[in-house]
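In the working numbering, the protein residues as written are 13 to 110.
All C-beta atoms, glycine included, are put in the ideal place defined by N, C-alpha and C.
Please read the structure below before turning to the comments.
Take a look at the structure:
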């Protein structure tokens, strides 16, 4: 768990740094579109690496679970995914907010 968190935090740090570089480009009226494309591509690679890191972690946790624990884990992960979706998607999955 701690190894996963360290890797995730490092990837997030790299993503944040690259995003700062990307938005600093807008301060330069003569920036090259190729520079912007290169930075957005780098951000995409880092986000992809973070998603893969999370996938691998979940797969490793699943391998340790009993059948009963798998049901609980899957329910937990579905709740987490819903909480990260757009508001409209959440309403469709959970009903209207009151």
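Inset, instruction - Use the C-beta contact count for residue 89: other C-beta atoms within 10 angstroms, 16 or more gives buried, fewer gives exposed. - result: exposed
Inset, instruction - Could you please give the first and the last residue of the uninterrupted alpha helix (DSSP H) stretch that includes residue 16? - result: 14-36 is the span of the alpha helix (DSSP H), which, as asked, contains residue 16.
Legend entry - Length of the line joining the Cα atoms of residue 74 and residue 85: 8 Å
Legend entry - Candidates 78, 51, 26, of which the one nearest residue 38 by Cα: 51
Inset, instruction - Find out if the Cβ-Cβ distance for the pair residue 23, residue 58 is shorter than 7 Å. - result: yes
Inset, instruction - Compare the beta carbon distance of residue 30 and residue 70 with 7 Å and say whether it is the shorter of the two. - result: no
Inset, instruction - Answer yes or no: do residue 65 and residue 20 have a C-beta to C-beta separation smaller than 7 Å? - result: In contact: residue 65 and residue 20 (Cβ atoms closer than 7 Å).
Inset, instruction - Could you spell out where the alpha helix (DSSP H) holding residue 42 opens and where it closes? - result: Note, residue 42: premise wrong, no alpha helix (DSSP H); not H, not E.
Inset, instruction - Would you mind reading off the limits of the alpha helix (DSSP H) that contains residue 94? - result: 79-95
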